[in-house]
């Protein structure tokens with residue numbers, strides 16, 4: 080079937096799905112498109128500069144920041160709804176066929192397929208950490224899959240890789256054209272052993288660097304984020320600020336600046352554009368529930384909880400934790416015991432969601448006073464007309480984020 | 013003499029929130045006013061052989077092999093000295109004679125109990141429920157393992173599985189219980205969901221315990237059991 084016709088059919092189904100309130104139409108449209116034209120992603124990527132973004136945490140935000148920065152120079156196609164599997168990529172590319180640039184968030188396991196289909200200009204790899212182990216692979220398995228595909232990348236494709244993360248570093252070392260980045264993250268909870276040989280990985284300088292007897296070691300970064308300054312080759316210095324709170328947001332902003340420069344956008348101009356973005360797909364958006372104004376935050380695995388709890392600690396006194404364990408959240412709640420909840424000490428903590436009892440037991444053992452409530456409204460009734468943070472796991476977050484978009 | 017709990021190699025054996033079991037055991041002692049130390053043994057630390065209760069958690073292949081090399085004979089010595097052990101998932105497998113690793117390898121275990129683990133065709137993932145062989149309430153947990161475990165001698169399982177896989181290999185049992193050792197495939201916070209198991213293990217180490225009012229753990233236990241039934 081001709082591609083154009085297939086796109087029209089797919090989009091019609093997407094519209095229908097929206098009208099019938101079956102979803103955003105992205106998944107349905109994308110699936111139909113791939114059914115009708117199995118190599119649609121390949122065809123739609125031709126004559127375009129494609130950047131792929133992947134990693135356990137930060138991919139939606141980094142994708143949005145890069146897309147925004149590049150859109151100051153050209154039209155950009157992007158999967159801004161976070162649909163990062165096969166259908167999501169197909170639909171994003173089909174929506175804006177005249178855009179010469181595509182910025183695509185890609186699920187970790189879909190990276191090999193996305194690279195083969197899109198022939199990208201740049202691949203941005205953020206981090207790899209434990210995440211929903213009941214349905215996703217162990218970290219090492221993902222790193223191995225990345226390494227195999229990156230080994231065969233042509234030199235025309237660069238990889239912007241995080242040198243702080245031993246798994247990202249090991250996978251990326253296999254490719255010929257790597258731009259190494261560091262934001263000074265210390266240590267890695269899944270990297271006690273070397274990704275190369277399995278021996279104990281030696282962490283030095285309080286976790287700032289790593290090496291192994293086999294020769295594997297932290298690569299020398301050419302872009303370094305130190306505080307709010309991004310230091311680059313030839314003494315380049317770019318001021319990085321982010322309206323999105325937190326350390327991770329700042330390093331995502333810095334990575335987005337490096338990526339934008341690679342696409343020919345001036346670094347300072349990109350940094351300015353990026354600094355103005357306040358919320359990505361509901362993250363850190365304002366949500367009114369009852370009298371309470373919540374700031375909505377997403378946390379989905381130990382690394383993202385650590386980051387979110389640190390960011391939230393500087394926020395309001397009241398905080399509601401909302402944890403489910405549906406398929407997309409991961410059905411296993413063991414991860415809670417890998418999270419240090421001590422930043423909640425002294426705050427007014429509320430707990431809800433399908434797995435509130437798991438979380439309540441967890442907080443009890445850590446000596447953190449909290450109240451278990453039946454839902455967010457019940458929390459709001461107690462909190463009243465105050466600001467509060469709402470930290471939610473994946474499915475709860477996405478349901479609540481719809482409220483952010485409307486407000 | 014103060015009671016000592018040892019958390020063995022959490023960097024290697026701690027993929028599924030396994031530190032939770034140590035924290036819960038320590039909390040249950042603390043709430044009762046029972047003095048104790050928690051000793052976390054990291055890579056490069058010497059492993060004591062005279063402590064009272066050792067915890068081993070789950071881990072990936074390379075980490076499991078490394079942990080086995082590091083532990084060496086020290087845990088067997090501790091058991092000979094009268095120590096108790098609570099071992100979960102990869103930690104449970106380690107206690108046996110052999111366990112499987114990537115690339116079809118078979119690795120020699122610590123040889124503390126007569127069990128062997130072989131790789132299975134499909135991974136066992138999901139809620140697990142079992143009827144315990146010891147006088148405590150139904151056991152509830154979450155399992156996620158590629159290996160399945162066979163008894164090489166007559167041994168007492170921890171439970172008879174009513175939902176899930178457990179030790180597998182066409183048996184319907186999970187884990188094992190000896191005079192000093194409890195092993196299970198219920199990973200991560202098994203002691204959070206099973207407060208009676210936690211107290212049963214602790215009472216084997218220090219004798220009778222006064223009851224503890226900690227309703228949230230009982231509620232969690234009942235909720236998880238009922239979610240599967």
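Residue numbers (my numbering), protein chains in the order written: chain A, 80 to 486; chain B, 13 to 241.
Glycine is no exception: its CB is placed at the ideal position from the N, C-alpha and C atoms.
Practice item. Write down the C-beta distance between residue 104 of chain B and residue 196 of chain B rounded to the nearest angstrom, noting that I regard them as a contact closer than 8 Å. Key: Between the beta-carbon of residue 104 of chain B and that of residue 196 of chain B there is about 6 Å, and that keeps the pair under the 8 Å contact cut.
Review point. Where do the ends of the beta strand (DSSP E) carrying residue 362 of chain A lie?
Key: In the DSSP assignment, residue 362 of chain A falls outside any beta strand (DSSP E) and carries neither an H nor an E.
Review point. Residue ranges of each beta strand (DSSP E) run of no fewer than 3 residues wholly in the region 406 to 458 of chain A, ordered along the chain?
Key: Runs of the beta strand (DSSP E) lying entirely within the region 406 to 458 of chain A and spanning at least 3 residues, in chain order: 427 to 431.
Exercise for review: Specify the secondary structure class of residue 135 of chain B as computed by DSSP and reduced to three states.
Suggested key: Residue state, collapsed to three classes: strand.
Check your understanding: Can you find a C-beta in chain B that's less than 8 Å from the C-beta of residue 386 of chain A?
Key -> Answer no: the Cβ-Cβ gap between residue 386 of chain A and chain B never drops below 8 Å.
Exercise for review: Quick one: using the 10 Å Cβ neighbour count with 16 as the cut-off for buried, is residue 293 of chain A buried or exposed?
Suggested key: Taking a 10 Å sphere around the C-beta of residue 293 of chain A, we find fewer than 16 other C-beta atoms and assign the residue as exposed.
Review point. Looking at chain A, which residues of the region 15 to 45 of chain B have a Cβ within less than 7 Å of any of its Cβ atoms?
Key: Taking 7 Å as the Cβ-Cβ cut-off against chain A, the residues of the region 15 to 45 of chain B that qualify are 23, 24, 27, 28, 29, 31, 32, 35, 36, 39.
Point to revise | Limits of the unbroken alpha helix (DSSP H) element including residue 105 of chain B | key: DSSP places residue 105 of chain B in the uninterrupted alpha helix (DSSP H) bounded by 102 to 106.
Exercise for review: Output the boundary residues of the alpha helix (DSSP H) element that contains residue 128 of chain A.
Suggested key: No alpha helix (DSSP H) holds residue 128 of chain A; the beta strand (DSSP E) holding it covers 128 to 133.
Review point. Is it true that the CB of residue 185 of chain A sits closer than 8 Å to the CB of residue 178 of chain A?
Key: No, these two residues do not count as a Cβ contact at 8 Å.
Practice item. Using DSSP bridges, identify the partner residues of residue 76 of chain B. Key: Per DSSP, none; premise fails for residue 76 of chain B.
Exercise for review: Residues of the region 184 to 205 of chain B with a CB closer than 7 Å to any CB of chain A: list them in chain order, please.
Suggested key: Against chain A - using a Cβ distance shorter than 7 Å - the residues of the region 184 to 205 of chain B are 199, 200, 201, 204.
**Study point:** Element boundaries [beta strand (DSSP E), containing residue 288 of chain A]
**Key:** Note, residue 288 of chain A: beta strand (DSSP E), 288 to 290.
Check your understanding: Straight-line CA distance for residue 197 of chain A to residue 210 of chain A?
Key -> Spanning the two alpha carbons is a distance of roughly 26 Å.
Point to revise | Same chain, Cβ closer than 6 Å to residue 89 of chain A, five either side skipped, listed in chain order | key: For residue 89 of chain A, same chain residues with a beta-carbon under 6 Å away, outside a window of 5 residues either side, are 108, 111, 112 in chain order.
Practice item. Consider the Cβ of residue 470 of chain A: report whether some Cβ of chain B lies at a distance smaller than 8 Å. Key: No, because no Cβ of chain B sits closer than 8 Å to the Cβ of residue 470 of chain A.
Review point. By how many angstroms is the C-alpha of residue 237 of chain B removed from the C-alpha of residue 207 of chain B?
Key: Going by the C-alpha atoms only, they are around 13 Å apart.
Practice item. In the DSSP assignment, find the beta strand (DSSP E) that holds residue 373 of chain A and state where it starts and stops. Key: According to the DSSP assignment, residue 373 of chain A belongs to the beta strand (DSSP E) that extends over 371 to 377.
**Study point:** N- and C-terminal bounds of the alpha helix (DSSP H) containing residue 170 of chain A
**Key:** That run of the alpha helix (DSSP H) goes 165 to 174.
**Study point:** Whether residue 357 of chain A touches residue 319 of chain A by CB criterion (8 Å)
**Key:** Not in contact: residue 357 of chain A and residue 319 of chain A (Cβ atoms no closer than 8 Å).
Exercise for review: Could you spell out where the beta strand (DSSP E) holding residue 19 of chain B opens and where it closes?
Suggested key: Where residue 19 of chain B is concerned, the enclosing beta strand (DSSP E) stretches over 15 to 20.
**Study point:** Cβ neighbours of residue 454 of chain A in the same chain (closer than 6 Å, five flanking residues each side left out)
**Key:** Counting only Cβ-Cβ distances below 6 Å, and skipping sequence neighbours, we find 431.
Check your understanding: Which full runs of the beta strand (DSSP E) of 3+ residues lie inside the region 188 to 243 of chain A, going along the chain?
Key -> Counting only unbroken stretches of 3 or more residues, the beta strand (DSSP E) elements lying wholly within the region 188 to 243 of chain A are 201 to 204, 237 to 241, in sequence order.
**Study point:** Cross-chain neighbours of residue 209 of chain B in chain A, by beta carbon under 8 Å
**Key:** By Cβ distance, chain A contributes nothing, its closest Cβ being about 14 Å from residue 209 of chain B, past 8 Å.
Practice item. Determine which residues of the region 74 to 90 of chain B have a Cβ less than 8 Å from any Cβ of chain A, and write them out in chain order. Key: Result list: 74, 75, 77, 78.
Point to revise | Any chain B beta carbon closer than 8 Å to residue 188 of chain A | key: No - not a single Cβ of chain B is within 8 Å of the one on residue 188 of chain A.
Review point. Excluding five sequence neighbours on each side, which residues of the same chain lie with their C-beta closer than 7 Å to the C-beta of residue 278 of chain A?
Key: Within the same chain, Cβ atoms closer than 7 Å to the Cβ of residue 278 of chain A are found at 272, 291, 292, 293, the five residues on either side in sequence being excluded.
Check your understanding: Can a CB atom of chain A be found closer than 8 Å to the CB of residue 55 of chain B?
Key -> Yes, its Cβ sits closer than 8 Å to a Cβ of chain A.
Review point. With 16 as the cutoff for other CB atoms within 10 Å, does residue 191 of chain B come out buried or exposed?
Key: Around the beta-carbon of residue 191 of chain B, fewer than 16 other beta-carbon atoms lie within 10 Å, marking it exposed.
Review point. By Cβ distance, which residues of its chain are closer than 7 Å to residue 245 of chain A, with the 5 residues on each side in sequence left out?
Key: Closer than 7 Å at the Cβ level, and outside the excluded window around residue 245 of chain A, lie 267, 270, 274, 280, 289.
Point to revise | Selection of the region 405 to 425 of chain A by Cβ proximity to chain B, strictly under 9 Å | key: For the region 405 to 425 of chain A, which is checked against every Cβ of chain B, the residues closer than 9 Å are 410, 411, 412, 413, 414, 415, 416, 417, 418.
Exercise for review: Figure out for me which residue from A:409, A:405, A:388, A:276 has the closest Cα to the Cα of residue 399 of chain A.
Suggested key: Between residue 399 of chain A and the set A:409, A:405, A:388, A:276, the nearest pair of CA atoms involves A:388.
Check your understanding: Which of the three DSSP states, helix, strand or coil, is assigned to residue 320 of chain A?
Key -> In the structure shown, residue 320 of chain A sits in coil (DSSP, three-state: anything other than H, G, I, E or B).
Practice item. Quick one: list the residues of chain B neighbouring residue 432 of chain A, beta-carbon separation under 7 Å, in chain order. Key: Per Cβ cutoff of 7 Å: no residues; residue 432 of chain A is ~13 Å from chain B at best.
Review point. Excluding the five sequence neighbours on either side, which residues of its own chain have a C-beta within less than 6 Å of the C-beta of residue 255 of chain A, listed in chain order?
Key: Once the five neighbours on either side are set aside, the close Cβ partners of residue 255 of chain A are 234.
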